[in-house]
Amino acid sequence: NDLEGMQAVVSGWGRNEDGKLQSQLHHLHANIVSNKVCDERWNAKGSPTGFIVSSMMCMDSTNGDSCNGDSGGPSIMEEPAGSGIYVQVGLVSFGSGSCTDEKLPGVYTRVGHYVDWIKAQMV
Numbered sequence: 001n002d003l004e005g006m007q008a009v010v011s012g013w014g015r016n017e018d019g020k021l022q023s024q025l026h027h028l029h030a031n032i033v034s035n036k037v038c039d040e041r042w043n044a045k046g047s048p049t050g051f052i053v054s055s056m057m058c059m060d061s062t063n064g065d066s067c068n069g070d071s072g073g074p075s076i077m078e079e080p081a082g083s084g085i086y087v088q089v090g091l092v093s094f095g096s097g098s099c100t101d102e103k104l105p106g107v108y109t110r111v112g113h114y115v116d117w118i119k120a121q122m123v
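Residue 76 in UniProt numbering sits at position 76 of the sequence shown; the count goes up by one each step and never skips.
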């Protein structure tokens with residue numbers, strides 16, 4: 001898990017923790033956690049072992065999570081750090097449904113898993 005422990009920024013127009021739609025783009029800083037840890041935490045809440053697969057990545061934050069309406073939104077990282085250049089590393093996929101559950105990491109599509117396919121579509 002080459003991104004584990006790094007921080008990313010997630011943004012979206014989805015609902016807030018009160019369920020209200022947003023009129024402004026919101027963002028959240030989150031830490032990328034290993035798929036193993038993520039799978040264990042989802043497993044503890046009833047998901048089957050192996051639920052989190054290599055095409056996924058997970059992010060954790062004490063400030064909340066992505067929410068309903070954020071799906072498909074970007075997760076970006078500054079690469080290299082301090083460069084002012086941002087790369088997309090994930091797409092919001094799903095979470096616990098509460099938007100504020102600190103026990104369960106949010107789950108994202110791992111863009112790096114699909115780089116070869118993306119490049120093939122660009123020719």
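Using N, Cα and C, we set each Cβ at its ideal position, and we do this for glycine too.
Going along the chain, which residues of its own chain have a beta-carbon closer than 8 Å to the beta-carbon of residue i, five neighbours each way excluded?
{"i": "K45", "result": "S96, K103 and L104"}
{"i": "R110", "result": "S54, S55, M56, M57, V89 and G90"}
{"i": "Q7", "result": "H29, A30, N31, I32 and M77"}
State yes or no: is the C-beta of residue i within less than 8 Å of the C-beta of residue j?
{"i": "M77", "j": "V89", "result": "yes"}
{"i": "S47", "j": "H26", "result": "no"}
{"i": "D65", "j": "G106", "result": "yes"}
{"i": "G14", "j": "Q24", "result": "no"}
Using the Cβ count rule (16 or more neighbours within 10 Å means buried), how would you classify residue i?
{"i": "G5", "result": "exposed"}
{"i": "S83", "result": "exposed"}
Among residues of its own chain, excluding the 5 on either side of residue i, which ones have a beta-carbon nearer than 6 Å to its beta-carbon?
{"i": "S61", "result": "L28 and A30"}
{"i": "Y117", "result": "First, the amino acid is wrong: residue 117 is Trp here, not Tyr. Same-chain partners within the cutoff: there are none."}
{"i": "C38", "result": "I52, C58 and P105"}
Specify the secondary structure class of residue i as computed by DSSP and reduced to three states.
{"i": "A22", "result": "In the sequence under discussion, the amino acid at residue 22 is Gln, which differs from the Ala named in the question. Note: Q22 maps to coil in three-state DSSP."}
{"i": "A8", "result": "strand"}
{"i": "C99", "result": "coil"}
{"i": "N35", "result": "helix"}
DSSP puts residue i in a beta bridge; with which residues?
{"i": "A120", "result": "In the DSSP output, where bridge partners are listed per residue, A120 has none listed."}
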